[in-house]
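Undergrad:
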């Protein structure tokens, strides 16, 4: 059995997401509750490599539950992808007497953790923090719900001007490989069409749908497009294509971009982050490793990090169907 | 088996909740998709009794997905609780050639529907719309997620002034019989203590907790209290009691009240309402009745209306424990 | 002296702005208060040409004070720029027995009104409704304050992710000819640099400022750029240029776009729109014409439409200076 | 002439207001710009008495422009009202080598500053920070605009539920001696009636107005009541009175309370606070004292502290009239 855990390190890594601070806070407070020390490393794995540590007490995480971003900063560390980088990180971790790690991030973060664990048998628990919701082993990742609300709120604003001017808007949202944000925010915003990487609608069907929408008397329309849509055109080309083929439409494009990563987290994300943060600490204290904590069927459950990385979180087919029915 | 469904009626009844409009929209559009008519009745069961109907086409529900309240208005009808009232309602329903009903509301709404169904064998499907989340058969009721965000947003503001002045705030939130809002919003807002009807903390333990909090260096505190807390004192008496016994605290009270029922629904509530609205129509078309649609483990499922009314949606014990850990 | 005013027409024209609905509501209610009729025309001048009118009573404008966009829709009418178009409009206006017009919009809208007045001696009062704040004769245009809050709110979100990742963001905001939004929202969002059309900072000075900012220990930065910045590069070229010359920066671009036109108006914009709407009606009843109502030094004042169009609303030099001091 | 200013102290005192942090940030950055030191004292005058100081560099005020509350905390110090208290404060100030003070707060804060200046000839400049807008010498106090948006946003939510249930709501807002918030937020929220301390409407007229409103077909109504309304009844008594006399109304009460003091400041408040903060520092450097900086006619102007305290900021009569017209 492993050594008794007396000091836990925590990092945030990869793209930042609202609720990461709530997760850090939960890890820190759970450590205090169980009378162990907590240390944060800055800028993800890079902070481990550089020994850029800070002892975190409950006082340090006061009033951060409502803040976007991450007080520990985040980064993608190319150095940690090398054997030498990981060796440096291990040396710094031992020097700091850290016994286990909580890794808050996405696929890349977890892959790093698994390799590190393989090489050094160092206890690691992952917490899924990313707005993309593309992680197997949890129904919801931390930050996803907030991003949906941000997108829906912006599309509500765009709809004001779209319907005042009888325009067609293409709105690009985040999700390079997964259409979770596009599909859910699209349904939530009442979008007429939703284009996602998981489903190749085809340009012809899009034109048909827009023609039908015009015929049915709709004077304005919103099409939500996922960054990673497979239709083979980016959102500007798509807009040009539609404007050429449907001259009755005045088309505009809006790329929402990085604002989707920020903002004060929703209640759902704060509670999720708090539950997962506590569980991560408890698992480490219980001698577990190489697991990701997640929410499955409203219960906190664990998944092997390996499965979390290799598994595929599939889009909800029922919601796709509902989206079609709504666009009548 | 019953007659073919060609016209569906829809009502919103009981306390209003954000997302009711999204549910109405989904019912209307699903009807259009399946080529049947949809009729809305105003002010819940009272509109059925008075024959206060309006044909609803997809055009009527444009741009309502983002609006709080209910375009069909809501009310509690004492007349519908009488045999005569229900007879009048049945007569009006037959006159309007309505074949089935979608009932959006809570316990009281569903009870009315069951009695009506028993007396007239009239197909009824319920959709849980209430901010209280106190319905058995669904993990989430429509409006609950939005109410949580509203509460958390307000407590974030209160915390600004609480921590500027080193004060203790008692914040009363809705939930007469169920502490869902208090517990989840309390955890989400980082409240120091949470008082809910399901758990009698006891005044002594509250004082102890607040003393400990002061000793640990916290300069301000938020205590979230559910309307229906069983501690035997209302929120003002509670505040007085604490101020008398802990003179080191300057105490303030805030009763959030009806604002919790309003506002633009969150993405979660809009998507939930849309999915449940579609399913309700499809169940009626499939010849089903006396069911409530709900979200269980992220799938749309059905529960007998009878069970929905009699069953008890229990508070999450794990979250209670997490809340204790966080208040360290 | 002109004929007694018994029926007033109202249009919204040009780009839509939050608060236009509040202005329409104020015009309608003021008409009711003074016992005259009010008629709305759809899609700006185009609605006048097509006789696309609707009688507006106070009931029609219930619950619109809080909505973005314009219930009367807006458009730019090329037909109204022709003599024939205006003749058609006059014919329709006379047929509908409209005695005077309230024109809600910007420069283009007012120019149209002046020409129409010149040709037909038809009473017209203008209300400045545009997010750009580029109208002479008013300190604030309707929609400007809301747009500032929208921009600041989005930049707050971007800053979360910028500071989590130590990045430099270029954020493009609206304002083709005027830097009001960029300057005020830039100061409000704590931007490190602000690039506006009124002031050619020069690329060299921008690089210098960013270098100094990096040296002073800032780990992330926001540069707000007005659409119409005179620096001779669009925001993407600007970002590339900086990334080439300051490789220590990881640069990202965000173009806010049309969302800036939408959303529920701020209290300031609602009150402003209400005051100006009432005054416009009272001026027409008083036999006035060819005036714009505006807010000067917190009082509702009038300016000749001619001056409003030809005059230049200058940027606040003191605020430019304050902005420099803040970017230390 | 006074001694050269080399170190400036800053406090926030009295009720906190959104934008106080933006003002602190502006003072700190302006000091850095002019190469002088800046010191913050905690909890207003009490911090001066206790020598509870902290050196503030630009780094300390990063990312606070968007936060409600005040990082320097606020309090009302009874000790500073005594000669002994002020003597202690002077001693601490001299010990810390502070040469001048920026006082952010309201009437009480400024009175304290004047007495202190009289006794010790110590340079003091006041910045009006309070949500109440009840200060002579400035059109707008810092925090007022944000409070208006908060109130309007909450009433928008209440209206959702009011109009769903055909109810009459009495909403109490802050403003013990001044009806600025009630009047402006009332107009902005489209309230049917507004009760403010400056104007005794009388109970009879209120009943008349509500009856007329009911007759004209309005199904729901909002009455905004200022805390300090002179009608002689508190908001609950008022509601009871109306319910007794107008049984056709179902009446509810909502007291907004302290949430009005919190929240992220609006762009307007951030820009205002920034401008006033810079000016305060420049005035001190210029050898001035006993002045309040304010915004008059969109320019930063100064008023003798004495006048600011004794003068009366009157409610806008035109807006009262507009409010009557709107309630038709």
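Protein chains in written order, with my numbering: chain A, 1 to 328; chain B, 329 to 656; chain C, 657 to 984; chain D, 985 to 1312. Yeah, the Cβ is synthetic: ideal placement off N, Cα and C, and Gly gets one too. Since the model is a prediction, treat every value here as computed from it, not as a measurement.
1. Count the other CB atoms within 10 Å of the CB of residue 593 of chain B; is the residue buried (16 or more) or exposed (fewer)?
2. Rounded to whole angstroms, what is the Cα-Cα separation between residue 682 of chain C and residue 926 of chain C?
3. With a cut-off of 8 angstroms on the beta carbons, I'd call residue 1089 of chain D and residue 1122 of chain D a contact; round off their distance for me.
4. Going along the segment 571-602 of chain B in order, which residues come within less than 7 angstroms of chain D, judged by CB to CB distance?
5. Quick check on the burial criterion: 16 or more other C-beta atoms within 10 angstroms. Buried or exposed for residue 649 of chain B?
6. Residue 701 of chain C: beta carbon under 7 angstroms from a heavy atom of the ligand ADP?
7. Going by CA-CA distance only, name the one from B/644, B/545, B/414 and B/565 that's closest to residue 583 of chain B.
8. Can you find at least 3 beta carbon pairs, one from the segment 755-773 of chain C and one from the segment 667-677 of chain C, that sit closer than 8 angstroms?
9. Locate the alpha helix (DSSP H) running through residue 1307 of chain D, then write down its first and last residues.
10. Rounded to a whole number of angstroms, what is the C-alpha to C-alpha distance between residue 510 of chain B and residue 770 of chain C?
11. Just mark residue 801 of chain C as buried or exposed, buried being the case when its beta carbon has 16 or more other beta carbons within 10 Å.
12. Could you work out which residues of chain C lie near residue 1123 of chain D, taking near to mean beta carbons separated by less than 7 angstroms?
13. Given that residue 279 of chain A touches chain C, what residues does it touch there, using C-beta distances under 7 angstroms?
14. When Cβ atoms are compared, which residues of the segment 1179-1196 of chain D fall closer than 7 angstroms to chain C?
15. Along chain B, in chain order, which residues have C-beta atoms closer than 8 angstroms to that of residue 1054 of chain D?
16. Along chain D, in chain order, which residues have C-beta atoms closer than 8 angstroms to that of residue 840 of chain C?
17. Compare the C-beta of residue 672 of chain C against all C-beta atoms of chain A and say whether one is closer than 8 angstroms.
18. Identify each residue in the segment 452-465 of chain B for which the Cβ-Cβ distance to at least one residue of chain A is less than 7 angstroms, and report them in chain order.
19. Please state if the CB of residue 1153 of chain D and the CB of residue 1206 of chain D are separated by a distance shorter than 8 angstroms.
20. In the DSSP assignment, find the unbroken beta strand (DSSP E) run with residue 442 of chain B in it and report its ends.
21. Could you give the DSSP three-state label for residue 1084 of chain D: helix, strand or coil?
22. Thinking C-beta only, is residue 673 of chain C closer than 8 angstroms to residue 917 of chain C?
23. Identify the residues that DSSP records as bridge partners of residue 1062 of chain D: which are they?
24. Could you tell me whether the Cβ atoms of residue 701 of chain C and residue 941 of chain C are closer together than 8 angstroms?
25. Round the Cβ separation of residue 1082 of chain D and residue 1008 of chain D to the nearest angstrom and send it over; I've been treating them as touching at under 8 angstroms.
26. Strictly below 8 angstroms CB to CB, what residues from chain A border residue 962 of chain C?
27. May I have the straight-line CA-CA distance separating residue 983 of chain C from residue 847 of chain C, to the nearest angstrom?
28. Within 8 angstroms (strictly less), CB to CB, does residue 506 of chain B reach chain A?
29. For a test of the three-state rule: what should DSSP assign to residue 497 of chain B, helix, strand or coil?
30. Please name the residues in the segment 27-53 of chain A whose beta-carbon is closer than 8 angstroms to at least one beta-carbon of chain B, in chain order.
31. Taking only runs of the beta strand (DSSP E) that begin and end inside the segment 577-642 of chain B, which ones reach a length of at least 3 residues, in chain order?
32. Give me the Cα-Cα distance between residue 535 of chain B and residue 635 of chain B, rounded to the nearest whole angstrom.
33. Measuring only the C-alpha atoms, how far is residue 1136 of chain D from residue 675 of chain C?
34. Contact criterion: CB-CB distance below 8 angstroms. Does residue 441 of chain B meet it with respect to chain A?
35. What separation, rounded to the nearest whole angstrom, lies between the Cα atoms of residue 985 of chain C and residue 958 of chain C?
36. How far does the alpha helix (DSSP H) with residue 206 of chain A in it reach, from first residue to last?
TA: Taking the coordinates as given:
1. Sequence index remark: in the second chain, residue 593 of chain B carries index 265 (1-based). The residue in question, residue 593 of chain B, is buried, as its Cβ has 16 or more Cβ neighbours within 10 Å.
2. Stepping through the third chain from its first residue, residue 682 of chain C is reached at position 26. Stepping through the third chain from its first residue, residue 926 of chain C is reached at position 270. Computed Cα separation, rounded: 10 angstroms.
3. As a position in the fourth chain, residue 1089 of chain D is number 105, starting the count at 1. As a position in the fourth chain, residue 1122 of chain D is number 138, starting the count at 1. Not confirmed; about 13 angstroms, so no contact.
4. Hits within the stretch, in order: 580, 582, 583, 585, 586, 587, 589, 590 and 591.
5. Against the second chain, residue 649 of chain B aligns to sequence position 321. With fewer than 16 other Cβ atoms from the protein chains shown falling within 10 Å of its own Cβ, residue 649 of chain B counts as exposed.
6. In terms of ligand content, the structure shown is empty, and the ligand ADP therefore cannot be addressed.
7. Position 255 of the second chain holds residue 583 of chain B. Nearest neighbour of residue 583 of chain B by Cα position, chosen from B/644, B/545, B/414 and B/565, turns out to be B/565.
8. Using a Cβ-Cβ distance cut-off of 8 angstroms, the segment 755-773 of chain C and the segment 667-677 of chain C are in contact, since at least three pairs of beta carbons, one from each stretch, lie closer than that value.
9. Residue 1307 of chain D sits at position 323 when you count from the first residue of the fourth chain. Per DSSP, residue 1307 of chain D is one residue of the alpha helix (DSSP H) stretching across 1301-1310.
10. Taking the second chain and counting its residues from 1, one reaches residue 510 of chain B at position 182. Taking the third chain and counting its residues from 1, one reaches residue 770 of chain C at position 114. Their Cα atoms are separated by approximately 59 angstroms.
11. As a position in the third chain, residue 801 of chain C is number 145, starting the count at 1. By the neighbour-count rule (16 or more Cβ atoms within 10 Å), residue 801 of chain C is buried.
12. Taking the fourth chain and counting its residues from 1, the one referred to as residue 1123 of chain D is at position 139. Correct list: 954.
13. As a first step, residue 279 of chain A must be located in the first chain, where it is residue number 279. Residue 279 of chain A does not reach chain C, its nearest Cβ partner there being about 24 angstroms away, counting only Cβ pairs nearer than 7 angstroms.
14. Cβ contacts with chain C come from no residue of the segment 1179-1196 of chain D.
15. For the purposes of this step, residue 1054 of chain D is taken as residue 70 along the fourth chain, with counting starting at 1. Within 8 angstroms of the CB of residue 1054 of chain D, the CB atoms of chain B belong to 492, in sequence order along the chain.
16. Residue 840 of chain C sits at position 184 when you count from the first residue of the third chain. 1251 and 1255, listed in chain order.
17. One-based indexing of the third chain puts residue 672 of chain C at position 16. Closer than 8 angstroms to some Cβ of chain A, the Cβ of residue 672 of chain C qualifies, so yes.
18. The segment 452-465 of chain B vs chain A, Cβ under 7 angstroms: nothing.
19. Within the fourth chain, numbered from 1, the residue matching residue 1206 of chain D stands at position 222. Within the fourth chain, numbered from 1, the residue matching residue 1153 of chain D stands at position 169. Their beta carbons are under 8 angstroms apart, which means residue 1206 of chain D touches residue 1153 of chain D by this criterion.
20. Residue mapping note: residue 442 of chain B aligns to position 114 of the second chain, counting from 1. Note, residue 442 of chain B: premise wrong, no beta strand (DSSP E); alpha helix (DSSP H) at 435-448.
21. Your numbering for residue 1084 of chain D matches position 100 in the fourth chain. Note: residue 1084 of chain D maps to strand in three-state DSSP.
22. For this step, residue 917 of chain C is matched to residue 261 along the third chain. For this step, residue 673 of chain C is matched to residue 17 along the third chain. Inclusion of residue 917 of chain C and residue 673 of chain C in the CB contact set at 8 angstroms is warranted, their separation being smaller than that value.
23. As a working mapping, residue 1062 of chain D is identified with position 78 in the fourth chain. Answer by DSSP bridge pairing: none, since residue 1062 of chain D is not bridged.
24. Here residue 701 of chain C is taken as the residue at index 45 of the third chain, counted from 1. Here residue 941 of chain C is taken as the residue at index 285 of the third chain, counted from 1. In this structure, residue 941 of chain C does not lie closer than 8 angstroms to residue 701 of chain C by Cβ.
25. Indexing the fourth chain from 1 puts residue 1082 of chain D at position 98. Indexing the fourth chain from 1 puts residue 1008 of chain D at position 24. Contact check for residue 1082 of chain D and residue 1008 of chain D: beta-carbon distance about 15 angstroms, past the 8 angstroms limit, so the pair fails to qualify.
26. Your numbering for residue 962 of chain C matches position 306 in the third chain. Ordered by position in chain A, no residue passes the 8 angstroms Cβ test against residue 962 of chain C, which lies about 28 angstroms from the chain.
27. Residue 983 of chain C sits at position 327 when you count from the first residue of the third chain. Residue 847 of chain C sits at position 191 when you count from the first residue of the third chain. C-alpha separation (whole angstroms): 7 angstroms.
28. Indexing the second chain from 1 puts residue 506 of chain B at position 178. Output row for residue 506 of chain B: interface = no.
29. What you label residue 497 of chain B is simply residue 169 of the second chain in a count that begins at 1. Residue 497 of chain B: strand per DSSP, three-state reduction.
30. Listed in sequence order: 29, 30, 32 and 33.
31. DSSP runs (the beta strand (DSSP E)) wholly in the segment 577-642 of chain B: 579-583, 619-624 and 627-632.
32. The count along the second chain starts at 1 and reaches residue 535 of chain B at position 207. The count along the second chain starts at 1 and reaches residue 635 of chain B at position 307. Cα-Cα distance, rounded: 40 angstroms.
33. The residue given as residue 1136 of chain D occupies position 152 in the fourth chain. The residue given as residue 675 of chain C occupies position 19 in the third chain. Taking the straight line joining both Cα atoms gives about 14 angstroms.
34. Here residue 441 of chain B refers to the residue found at position 113 of the second chain. Residue 441 of chain B does not count as touching chain A.
35. Because chain C in this structure spans residues 657 to 984, residue 985 of chain C falls outside the shown range and cannot be described.
36. Taking the first residue of the first chain as position 1, residue 206 of chain A is located at position 206. Residue 206 of chain A -> alpha helix (DSSP H) spans 203-215.
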